[in-house]
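S.K.: Have a look at this one.
Numbering (the numbering used here), first residue to last: 54 to 254.
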């Protein structure tokens with residue numbers, strides 16, 4: 054059977070922020086790498102919550118079919134920070150084209166099995182966690198021998214540069230493009246995306 058392919062820079066972004074340690078004055082600067090969260094606090098300071106957690110139930114957002122055998126659910130997008138979090142489902146024998154990450158990626162596997170063609174000995178199975186550093190390049194592959202759907206959660210920061218057979222960039226997937234694609238395909242498939250978490254608009 055010919056392997057089915059889809060050109061999409063997968064997944065989803067890494068919530069990787071650098072924390073600073075307390076200085077001699079016991080002051081703590083949280084998320085120094087993110088100016089929007091760059092507030093100074095003191096040990097012993099009384100705080101009040103200015104925001105609250107947002108919950109999304111398993112069935113609150115739809116999967117959209119990208120191509121036969123590959124479905125995607127966009128859970129959250131931060132357009133200002135370039136963060137996009139998705140969940141994807143792959144039928145056996147599917148593949149996503151080779152892609153290059155400009156930022157880090159986190160991946161958690163809920164079911165099934167998959168690997169990157171460039172390092173096939175590292176098999177991701179149920180419960181696996183994968184960290185992909187910025188500037189990594191690989192081809193997501195799902196074995197035809199799988200007996201179940203492969204379900205993966207991705208958090209992606211930055212862009213995926215989709216690579217052709219000559220290792221040249223042929224398209225780009227980032228927070229903005231995945232957001233627009235998800236909205237468009239939800240509309241075309243008569244699905245609601247109103248529960249999608251959106252920041253940075």
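Positions of the beta carbon are idealized from the N, C-alpha and C atoms, including for glycine.
1. On a Cα-Cα basis, can you pick out the residue from 228, 166, 234 and 154 that is closest to residue 252?
2. Helix, strand or coil for residue 238, going by three-state DSSP, please let me know.
3. Give me whichever residues DSSP pairs with residue 101 in a beta bridge.
4. Return the first residue and the last residue of the beta strand (DSSP E) that residue 195 is part of.
5. Counting along the chain, where does the beta strand (DSSP E) carrying residue 107 start and finish?
6. Would you mind stating whether residue 199 and residue 145 have Cβ atoms separated by less than 8 Å?
7. Ignore the nearest five residues each way along the sequence and tell me which others in residue 217's own chain have a CB closer than 6 Å to its CB.
8. Please classify residue 142 as buried or exposed, where buried requires at least 16 neighbouring CB atoms within 10 angstroms.
9. Excluding five sequence neighbours on each side, which residues of the same chain lie with their C-beta closer than 7 Å to the C-beta of residue 201?
10. Per DSSP, residue 210 is paired with what?
11. Would the region 152-161 count as touching the region 174-192 if we require 3 or more Cβ pairs under 8 Å?
12. Assuming residue 244 and residue 117 are in contact, meaning their beta carbons sit under 8 Å apart, how far apart are those beta carbons, in whole angstroms?
13. For residue 242, I'd like the list of residues in its chain whose CB is within less than 8 Å of its CB, leaving aside the five on either flank, ordered along the chain.
M.R.: If we stick to the structure as given:
1. Indexing the chain shown from 1 puts residue 252 at position 199. Taking residue 252 as reference, the option from 228, 166, 234 and 154 with the minimal CA-CA separation is 228.
2. Numbered from its first residue, the chain shown carries residue 238 at position 185. In the structure shown, residue 238 sits in a helix (DSSP, three-state: H, G or I).
3. Residue mapping note: residue 101 aligns to position 48 of the chain shown, counting from 1. None, per the DSSP bridge assignment.
4. Taking the chain shown and counting its residues from 1, one reaches residue 195 at position 142. No beta strand (DSSP E) contains residue 195, which DSSP labels as neither H nor E.
5. Within the chain shown, residue 107 is the residue found at index 54, counting from 1. Run containing residue 107: none; DSSP gives neither H nor E here.
6. Taking the chain shown and counting its residues from 1, the one referred to as residue 199 is at position 146. Taking the chain shown and counting its residues from 1, the one referred to as residue 145 is at position 92. With a cutoff of 8 Å on beta-carbon distance, residue 199 and residue 145 are scored as near each other.
7. Residue 217 sits at position 164 when you count from the first residue of the chain shown. Setting aside the 5 residues that flank it on each side, residue 217 is surrounded in the same chain by 223, each with a C-beta closer than 6 Å to its C-beta; the list follows chain order.
8. Within the chain shown, residue 142 is the residue found at index 89, counting from 1. Answer is buried; the Cβ neighbour count reaches 16.
9. Against the chain shown, residue 201 aligns to sequence position 148. The residues are 164 and 165.
10. On the chain shown, position 157 is the one that residue 210 refers to. 136, per the DSSP bridge assignment.
11. The region 152-161 is in contact with the region 174-192.
12. What you label residue 244 is simply residue 191 of the chain shown in a count that begins at 1. What you label residue 117 is simply residue 64 of the chain shown in a count that begins at 1. Their Cβ separation, rounded to whole angstroms, is 7 Å, which keeps residue 244 and residue 117 in contact under 8 Å.
13. The residue labelled residue 242 in the question sits at position 189 within the chain shown. Closer than 8 Å at the Cβ level, and outside the excluded window around residue 242, lie 115, 117 and 118.
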